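In this note's numbering, the protein residues as written are 1050 to 1195.
A virtual CB, placed ideally from N, CA and C, is assigned to each residue, including glycine.
Bear in mind the structure is a predicted one, so any value in this text is a computation, not a measurement.
So this is what it looks like as structure tokens:
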């Protein structure tokens, strides 16, 4: 077990299995199938992300360095959350970008099921965590990996 301290962008508590991407996360490409074609497990549709491609994202602790891609990223995250197709939480090793932050905040303000979001967890966090490890997020941004 190891703990990491980050900055809570959207405070909240969460426990979920880790799903890890070591490359940038293209929000639109990843969620497109879930939002347009009804994939309720939200299998990652980004063929350029070998860590996540075709893996279900719903209910996971999505661990990533940063998001990349479309300026629609914030709205995509909000819509995925509203449609109950989002990760349980999002954990960033680097600073979160403004679009991903906007999506997480919109989900917290307008949605019924906020998605705790923590950034600045550090490179060591992303090096340590592996798919399937149990992640627990505390409101103060402490992330426990078991």
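Inter-residue distance for residue 1143 and residue 1113 is about 8 Å (C-alpha atoms, whole angstroms).
Taking C-beta separations shorter than 8 Å and ignoring five residues to either side along the sequence, the partners of residue 1187 in its chain run 1062 and 1193, following chain order. In this structure, the alpha-carbon of residue 1185 lies about 24 Å from that of residue 1089. Per DSSP, the beta bridge partners of residue 1113 are 1141. Counted as a single uninterrupted DSSP element, the beta strand (DSSP E) harbouring residue 1183 occupies residues 1183-1186.
DSSP links residue 1075 through a beta bridge to 1117. Taken atom to atom, the span from the alpha-carbon of residue 1139 to that of residue 1110 is near 6 Å. The distance from the Cβ of residue 1118 to that of residue 1166 is about 18 Å, inconsistent with a contact at the 8 Å cut-off. Per the C-alpha coordinates, the member of 1124, 1056, 1147 and 1100 positioned closest to residue 1084 is 1124. Shown here for residue 1182: same chain residues with a beta carbon closer than 6 Å to its own, the five before and five after excluded, namely 1067 and 1194 in chain order. If the five residues before and after residue 1116 are omitted, its C-beta is found closer than 6 Å to the C-beta atoms of 1074, 1076, 1122, 1146 and 1149, all from its own chain and listed in chain order. For the pair residue 1095 and residue 1071, the CB atoms are not nearer than the 8 Å cut-off. Rounded to the nearest whole angstrom, the CA to CA distance from residue 1082 to residue 1174 is 29 Å.
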